[in-house]
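Colleague: Below: one structure in structure tokens.
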Amino acid sequence: MTNESKKYWLIKSEPNVWSWDMQVAVGNKGECWSGVRNYQARNNLRTAKIGDLAFFYHSNEGKEIVGIVEVIKEAYPDPTHQIENSPWVAIDVKAIKPLKKSVSLATIKAEPMLADMVLVNNMRLSVQPVSEEEWRIICAIGMVDL
DNA sequence: GCCAACGTTGGC
DNA sequence: GCCAACGTTGGC
3 MTNESKKYWL
13 IKSEPNVWSW
23 DMQVAVGNKG
33 ECWSGVRNYQ
43 ARNNLRTAKI
53 GDLAFFYHSN
63 EGKEIVGIVE
73 VIKEAYPDPT
83 HQIENSPWVA
93 IDVKAIKPLK
103 KSVSLATIKA
113 EPMLADMVLV
123 NNMRLSVQPV
133 SEEEWRIICA
143 IGMVDL
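Just so we're aligned, residue 3 is where the first sequence starts under the numbering used here, counting upward by one.
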């Protein structure tokens, strides 16, 4: 695993369904990221590799990036959709660290350098790529070193 | 709770 | 293959 091949993502969760605190509570064993029912998001999940990092975004309630997770298991059949030839996949992620300062959607929208983020332009996509530049900017705003 | 934006479905 | 109807997401 080299730094060059590492990709960055943003994954969304409604905190009343699966929150950052719950993600932290399961610790290093991580948790299965499942239930994605959107082809574009599914394709992104398939692309995610072990060691890739992702922002953990709270949708609906909070509307902010609260932490960083790492992919620890690559795409496998979604355990919440057990039918033959299910098109859906899941990955496993584990919490790495919280942002010292969470980065809200309003903050992202207000930052011109982040105007091209998928989060801003395709609000409904639940698993989305983040460019290295966007990653660095948000880490800086969130006062986290990664 | 409302509704705009988007994705999916199904009739034709 | 088009497009209207419907369902879902998610900000407000």
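Just so it is clear, CB atoms sit at the ideal spot from N, CA and C, and this is done for glycine as well. Everything numeric in this text was worked out from a predicted model, so none of it was measured.
Could you give the DSSP three-state label for P81: helix, strand or coil?
Modeller: The residue labelled residue 81 in the question sits at position 79 within the first sequence. Three-state result, P81: coil.
Colleague: If the criterion is Cβ atoms closer than 9 Å, does the pair A56 and V73 meet it?
Modeller: Taking the first residue of the first sequence as 1, we reach residue 56 at position 54. Taking the first residue of the first sequence as 1, we reach residue 73 at position 71. A distance below 9 Å separates the beta carbons of A56 and V73.
Colleague: Of all the beta strand (DSSP E) runs that stay within the bounds of the region 27 to 60, which reach a length of 3 or more residues?
Modeller: Within the region 27 to 60, the complete beta strand (DSSP E) runs of at least 3 residues are 33 to 35 and 55 to 60.
Colleague: Where do the N-terminal and C-terminal ends of the alpha helix (DSSP H) with K103 fall, by residue?
Modeller: Mapped onto the first sequence, residue 103 falls at position 101. First-last for K103: V91 to S106, but that is the beta strand (DSSP E), not the alpha helix (DSSP H).
Colleague: Which residue wins for smallest C-alpha separation from D118, given the options V132, V105 and S128?
Modeller: Along the first sequence, read from residue 1 onward, the residue named residue 118 stands at position 116. Checked all of V132, V105 and S128; the closest Cα to D118 is V132.
Colleague: Hey, could you find the ends of the beta strand (DSSP E) W11 is sitting in?
Modeller: In the first sequence, residue 11 corresponds to position 9, counting from 1. Y10 to S15 is the span of the beta strand (DSSP E), which, as asked, contains W11.
Colleague: From I143 to F58, what does the alpha carbon distance come to, in whole angstroms?
Modeller: Position 141 of the first sequence, counting from 1, holds the residue named residue 143. Position 56 of the first sequence, counting from 1, holds the residue named residue 58. C-alpha separation (whole angstroms): 15 Å.
Colleague: Taking buried to mean at least 16 other C-beta atoms within 10 Å of its own C-beta, is E33 buried or exposed?
Modeller: What you label residue 33 is simply residue 31 of the first sequence in a count that begins at 1. E33 is classed as buried because its beta carbon has at least 16 other beta carbons within 10 Å across all chains shown.
Colleague: Given a threshold of 16 other Cβ atoms within 10 Å of its Cβ, counted over all protein chains shown, does I52 qualify as buried or as exposed?
Modeller: Reading the first sequence from its first residue, position 50 is the one you call residue 52. Looking at its Cβ environment, which holds fewer than 16 other Cβ atoms inside 10 Å, I52 is exposed.
Colleague: Just confirm the distance between the C-beta atoms of V146 and K102, as a whole number of angstroms; I'd bet it's less than 8 Å.
Modeller: Residue 146 sits at position 144 when you count from the first residue of the first sequence. Residue 102 sits at position 100 when you count from the first residue of the first sequence. Indeed they touch by this definition, with Cβ atoms about 6 Å apart.
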